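Colleague:
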Amino acid sequence: MTDHHQELENEIRKQSHLLALAWRKGQAHRVLDALAEVEPMARSLMAILIHDQLTRWSPYDCRWPMSFWRAMLDRSMMGIAGRQVEALGSEYRERFGTDPPPIPKPQTSQHDPEESTRRVASQAETLRRALEIGAPLVPPRPPERAPDRFLRGSQEGAR
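Residue numbers (the numbering used here): 2 to 160.
#1: Determine the direct distance from the alpha carbon of ILE13 to that of HIS5, and round the result to whole angstroms.
#2: Helix, strand or coil: how does DSSP classify ASP100 here?
#3: Measuring CA to CA, which of ARG84, VAL86, LEU50, GLN124 is closest to PHE69?
#4: Within 10 angstroms of the Cβ of TRP58, are there 16 or more other Cβ atoms? Answer buried if so, exposed if not.
#5: Take THR99 as the anchor and find which of SER45, VAL139, ALA122, ALA29 has the nearest alpha-carbon.
#6: If you measure between the beta carbons of LEU89 and LEU128, is that distance less than 9 Å?
#7: Please state the DSSP three-state secondary structure of ILE61.
#8: Comparing alpha-carbon positions, which option in ARG119, ARG94, SER117 lies nearest ALA136?
#9: Put VAL86 into one of helix, strand or coil per three-state DSSP.
#10: Would you mind working out which of GLN85, ASP34, PRO60 sits nearest MET73, comparing C-alpha positions?
#11: Pick helix, strand or coil for GLN28, following the three-state DSSP scheme.
#12: If we ignore side chains and look at the alpha-carbon of each, how far apart do GLN7 and ARG76 end up?
#13: Could you give the distance in angstroms between the alpha-carbon of GLU1 and the alpha-carbon of ILE134?
#14: On the criterion of 16 or more Cβ atoms from any shown chain inside 10 Å, does SER17 qualify as buried, or is it exposed?
#15: Where does ALA136 sit, in a helix, a strand or coil, going by DSSP?
#16: Have a look at MET47, PRO102, LEU20, GLN124 and flag the residue whose alpha-carbon is nearest the alpha-carbon of GLN85.
See below:
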C-alpha cells in the first residue's frame, strides 16, 4: 500500500471514530449529514467502521449500532422516495397543469423517520396512480368569475 492510500485510510478511520462519538452523544443529524457529503465508496467504508466502533462500545446492548443502521436505511430510503416524488410531481405538473396536493402533515409533533419515509412513499404511489389513470387527484377548480352584480339586486328585491 502506498503512503497516499495509508494516509487516506487513516483519515477515514479518524473521521469514522469522531462520527461514532458524535452518534453516541446524540448528534445523529451531524453524522448523517457528514456521511451524505462523502463519496459513496468512502461512505460505505465509514458506515462499516462507525458500526464496528459502536458495536465495540456496547457489545451486549445493540442500542447504538441498530439505531445507526436504521437511521442510515431511513435516510437512504427517504432520499430515494423524495427524488421519486419530485420526478412524479414535475410530470404531474406538466400533464395536469397544476401542482399535486401537498403531503399531509403528521398527527404527532415528534419526528419519526420511519413515518416520514412511509408518508413520502405513499405520496409517490398516489402520484404514480394518478398519472397511470390520467386523472388529477383534485378536480380542477372552475375559472374565477367576476362577482355577480345581479346577486345583490336579487337580494334587495327579496326584502
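In this text, a Cβ means the ideal position worked out from N, Cα and C, and glycines have one as well. Computed from a predicted model, the values in this text were never measured in an experiment.
Modeller: Taking the definition as stated:
#1: Taking the first residue of the sequence shown as 1, we reach residue 5 at position 4. Taking the first residue of the sequence shown as 1, we reach residue 13 at position 12. Rounded to the nearest angstrom, the two C-alpha atoms are 12 Å apart.
#2: Within the sequence shown, residue 100 is the residue found at index 99, counting from 1. ASP100: coil per DSSP, three-state reduction.
#3: Within the sequence shown, the letter at position 68 stands for residue 69. For PHE69, the nearest C-alpha among the options comes from LEU50.
#4: Position 57 of the sequence shown, counted from the start, is the residue given in the question as residue 58. Classification of TRP58: exposed, given that the 10 Å Cβ count is below 16.
#5: On the sequence shown, residue 99 is found 98 positions in, with the first residue counted as 1. Per the Cα distances, VAL139.
#6: The residue labelled residue 89 in the question sits at position 88 within the sequence shown. The residue labelled residue 128 in the question sits at position 127 within the sequence shown. A contact, by the Cβ cut-off of 9 Å.
#7: By 1-based counting over the sequence shown, the position of residue 61 is 60. The amino acid at residue 61 is misidentified as Ile; the sequence shows Tyr. Residue state, collapsed to three classes: coil.
#8: Here the question's residue 136 lines up with position 135 in the sequence shown. Comparing Cα-Cα distances from ALA136 to each of ARG119, ARG94, SER117, the minimum goes to ARG94.
#9: In the sequence shown, residue 86 corresponds to position 85, counting from 1. Note: VAL86 maps to helix in three-state DSSP.
#10: Position 72 of the sequence shown holds residue 73. For the residues GLN85, ASP34, PRO60, the minimum Cα distance to MET73 belongs to ASP34.
#11: The count along the sequence shown starts at 1 and reaches residue 28 at position 27. GLN28: coil per DSSP, three-state reduction.
#12: Indexing the sequence shown from 1 puts residue 7 at position 6. Indexing the sequence shown from 1 puts residue 76 at position 75. Using only the alpha carbons, I get a separation of about 30 Å.
#13: With the chain covering only 2 through 160, there is no way to say anything about residue 1.
#14: Walking along the sequence shown from the start, residue 17 turns up at place 16. The residue in question, SER17, is buried, as its Cβ has 16 or more Cβ neighbours within 10 Å.
#15: Translated into the one-based positions of the sequence shown, residue 136 becomes position 135. Coil at ALA136, not helix or strand.
#16: As a first step, residue 85 must be located in the sequence shown, where it is residue number 84. For GLN85, the nearest C-alpha among the options comes from GLN124.
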